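Trainee: Quick note on my numbering: the sequence shown kicks off at 61 and runs consecutively.
Ideal placement from N, C-alpha and C gives every residue a C-beta, glycine not left out.
On a predicted model such as this, the values are computed, not experimentally measured, just so you know.
Below are the structure tokens for one structure; questions will follow.
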Amino acid sequence: MAKFLVTGAAGFIGFHTSERLLARGDVVVGLDNLNDYYSVKLKRDRLDQLLVRPGFSFHQIDLADRDAVGRLFERERFEVVINLAAQAGVRYSIENPHAYVASNLVGFVNVLEGCQRSGSVKHLVYASSSSVYGANKKMPFAVHDAVDHPVSLYAATKKSNELMAHVYSHLHGLPTTGLRFFTVYGPWGRPDMAMWLFADAILAGRPIDVFNHGKMRRDFTYIDDVVEGIARVADRIPARNPEWSAINPDPASSFAPFRVYNIGNNQPVELMTMIAVLERELGRKAELNFLPMQPGDVPETYADIDDLTRDVGFRPSTPIEAGVERFVRWYRAYHGV
Numbered sequence: 061m062a063k064f065l066v067t068g069a070a071g072f073i074g075f076h077t078s079e080r081l082l083a084r085g086d087v088v089v090g091l092d093n094l095n096d097y098y099s100v101k102l103k104r105d106r107l108d109q110l111l112v113r114p115g116f117s118f119h120q121i122d123l124a125d126r127d128a129v130g131r132l133f134e135r136e137r138f139e140v141v142i143n144l145a146a147q148a149g150v151r152y153s154i155e156n157p158h159a160y161v162a163s164n165l166v167g168f169v170n171v172l173e174g175c176q177r178s179g180s181v182k183h184l185v186y187a188s189s190s191s192v193y194g195a196n197k198k199m200p201f202a203v204h205d206a207v208d209h210p211v212s213l214y215a216a217t218k219k220s221n222e223l224m225a226h227v228y229s230h231l232h233g234l235p236t237t238g239l240r241f242f243t244v245y246g247p248w249g250r251p252d253m254a255m256w257l258f259a260d261a262i263l264a265g266r267p268i269d270v271f272n273h274g275k276m277r278r279d280f281t282y283i284d285d286v287v288e289g290i291a292r293v294a295d296r297i298p299a300r301n302p303e304w305s306a307i308n309p310d311p312a313s314s315f316a317p318f319r320v321y322n323i324g325n326n327q328p329v330e331l332m333t334m335i336a337v338l339e340r341e342l343g344r345k346a347e348l349n350f351l352p353m354q355p356g357d358v359p360e361t362y363a364d365i366d367d368l369t370r371d372v373g374f375r376p377s378t379p380i381e382a383g384v385e386r387f388v389r390w391y392r393a394y395h396g397v
């Protein structure tokens, strides 16, 4: 049993991660600012599921509030921190860049400082994103590849998180692990993501927007697989890589206690295939509104997960058909459809 801080605990991945840790007997302190980027009711509904669980407590705090975050770390003495709080969304980062700086940069340095100053934190695990691969074309995306050409501000903040974490691993010996998530979906998901948007529109008889004229592939990763990966990684404190070379530096490891992993299904799916599976589960056909590629978007994602498999013995494997069926079953129950 360990004492965890899970930031973004009212969010999609944070909620499921908290449930997973509680189920195995850990103590979880949840933090979230409950902002209105999407439905606050949905966030509170998730929280309601957690607040009845033994071992869970919650603090409504904004990570950008340095003093409040510092007091929380000083008081609670966490052993492991899982930072999943962030301003999400590639397209929204074009419209509202300052929100990403406040949450993803200022908020993250406050987490790093909290970990470093408390002296109790043995491991910081934090959410990065597959979006850091940006303009890369080599497939599958590997953590050993350079990721120096982001194509959205959101991606740039996530790359920045990895760089900031490395500094604290180097200067303070803080073990840090970054997780690059690939298109996470499932029950209790986010209303701004494709699976929910499409289901909502199809059931309402509205057209769905299909970008890049449907020529998109995504490494859709079911939430249970993501959470299993997070839990296993959290239990494995990274060590210094004795083979790391400054002449030929490996971006995925370091002379410091620092690691980066992909968590993806390793099986990219055509967007039109996902839509067809969703149509079948909903029992309705979608009206398709084909549009060009959106700024900041990429045509394909595909995760190389060899490092994750080698180090923690786990490979995400939920097929799109099973994941969509579970999502639709939850969606209908939640909305009473």
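Among Asn349, Ala206, Gly90, which has the Cα closest to the Cα of Pro309?
Mentor: The option with the nearest alpha carbon to Pro309 is Ala206.
Trainee: How would you write the range of the beta strand (DSSP E) that Asp269 sits in, first residue to last?
Mentor: Here the beta strand (DSSP E) through Asp269 covers 268-270.
Trainee: Exposed or buried, which one is Gln147 when buried takes at least 16 other CB atoms within 10 Å?
Mentor: Buried, since its Cβ has 16 or more Cβ neighbours within 10 Å.
Trainee: Give the secondary structure of Lys182 by DSSP, where H, G and I count as helix, E and B as strand, and everything else as coil.
Mentor: Lys182: coil per DSSP, three-state reduction.
Trainee: Can you tell me whether DSSP reads His395 as helix, strand or coil?
Mentor: DSSP places His395 in helix when its eight states are reduced to three.
Trainee: In angstroms, rounded to a whole number, what distance separates the CA positions of Asp105 and Asn143?
Mentor: Using only the alpha carbons, I get a separation of about 21 Å.
Trainee: If you drop the 5 nearest sequence neighbours on each side, which residues of the same chain put their C-beta closer than 8 Å to that of Lys182?
Mentor: Glu139, Val140, Pro235, Ile297.
Trainee: Specify whether the segment 252-268 and the segment 87-96 touch according to this definition: at least 3 beta carbon pairs, one from each stretch, less than 8 Å apart.
Mentor: No, they do not touch.
Trainee: Determine, for Gln176, whether the minimum Cβ-Cβ distance to residues of chain C falls below 9 Å.
Mentor: Chain labels in this structure do not include chain C; a single protein chain is all it has.
Trainee: Have a look at Glu173, Ser313, Met255 and flag the residue whose alpha-carbon is nearest the alpha-carbon of Leu331.
Mentor: Of the listed residues, the one whose Cα sits closest to Leu331 is Met255.
Trainee: For Leu342, which residues of its own chain have a beta-carbon under 7 Å away from its beta-carbon, when the five flanking residues on both sides are left out?
Mentor: Result list for Leu342: Ala259, Ile262, Leu263, Val388, in chain order.
Trainee: When the distance is taken between beta carbons, is Asp285 closer than 9 Å to Thr378?
Mentor: Yes, Cβ-Cβ distance for Thr378 and Asp285 is below 9 Å.
Trainee: Leaving out the 5 sequence neighbours to the left and right, which residues in its chain are closer than 8 Å to Asn349 when beta-carbon positions are compared?
Mentor: Answer for Asn349: Pro267, Ile268, Asp269, Val270, listed in chain order.
Trainee: Going by the CB atoms, is the gap between Tyr160 and Val171 shorter than 9 Å?
Mentor: The answer is no: Cβ separation not under 9 Å.
Trainee: Please report the Cβ distance between Val66 and Gly90, rounded to the nearest whole angstrom; I am assuming they are in contact, meaning their Cβ atoms lie under 8 Å.
Mentor: At roughly 5 Å, the Cβ-Cβ gap stays under 8 Å, so Val66 and Gly90 are in contact.
Trainee: What does the alpha-carbon distance come out to for the pair Val100 and Arg250?
Mentor: Computed Cα separation, rounded: 11 Å.
Trainee: Could you work out which residue in Leu102, Gly238, Val320, Gly289 is closest to His395 when comparing CA atoms only?
Mentor: Ranking the options by Cα distance to His395, first place goes to Leu102.
Trainee: Could you spell out where the beta strand (DSSP E) holding Ile323 opens and where it closes?
Mentor: Segment 318-323, the beta strand (DSSP E) holding Ile323.
Trainee: Alpha carbon to alpha carbon, how far is Met199 from Ala346?
Mentor: Near 30 Å, if we compare the C-alpha coordinates of Ala346 and Met199.
Trainee: To which residues of the same chain is Ser189 closer than 8 Å at the C-beta, ignoring the five residues directly before and after it?
Mentor: Correct list, in chain order: Tyr214, Ala215, Lys218, Arg240, Phe241.
Trainee: Ends of the alpha helix (DSSP H) at Val89?
Mentor: Val89 -> not in any alpha helix (DSSP H); beta strand (DSSP E) instead, spanning 87-92.
Trainee: Mind pulling the beta strand (DSSP E) runs of 3 or more residues that sit fully within the segment 167-241?
Mentor: List check, beta strand (DSSP E) in window: 183-187, 236-241.
Trainee: Could you please give the first and the last residue of the uninterrupted beta strand (DSSP E) stretch that includes Lys101?
Mentor: No beta strand (DSSP E) holds Lys101; the alpha helix (DSSP H) holding it covers 100-111.
Trainee: Alpha carbon to alpha carbon, how far is Pro232 from Glu79?
Mentor: Residue identity check: residue 232 is His in the sequence provided, not Pro. Taking the straight line from one Cα to the other gives about 31 Å.
Trainee: Determine the direct distance from the alpha carbon of Met334 to that of Gly274, and round the result to whole angstroms.
Mentor: If you take the alpha carbons of Gly274 and Met334, they lie about 11 Å apart.
Trainee: What are the boundary residues of the beta strand (DSSP E) that Ser153 is part of?
Mentor: Run containing Ser153: none in the beta strand (DSSP E); it sits in the alpha helix (DSSP H), 152-155.
Trainee: To which residues of the same chain is Leu107 closer than 7 Å at the C-beta, ignoring the five residues directly before and after it?
Mentor: Excluding residues within five positions, the ones whose Cβ falls inside 7 Å are Ala70, Phe118.
Trainee: Is the CB-CB distance between Ala162 and Asp92 below 9 Å?
Mentor: In this structure, Asp92 does not lie closer than 9 Å to Ala162 by Cβ.
Trainee: Among the candidates Thr281, Ile307, Arg392, Tyr391, whose CA atom is the shortest distance from the CA of Ala363?
Mentor: It is Thr281 whose Cα lies nearest to the Cα of Ala363.
Trainee: Can you look up His358 in the DSSP assignment and give me helix, strand or coil?
Mentor: Residue identity differs from the one stated: residue 358 is Val in this sequence, not His. Val358: coil per DSSP, three-state reduction.
Trainee: Please say whether Ala195 and Val211 have beta carbons closer to each other than 9 Å?
Mentor: Going by C-beta atoms, Val211 is nearer than 9 Å to Ala195.
Trainee: Taking 9 Å as the cut-off, decide whether the C-beta atoms of Pro317 and Ala291 are in contact.
Mentor: Not closer than 9 Å, so no.
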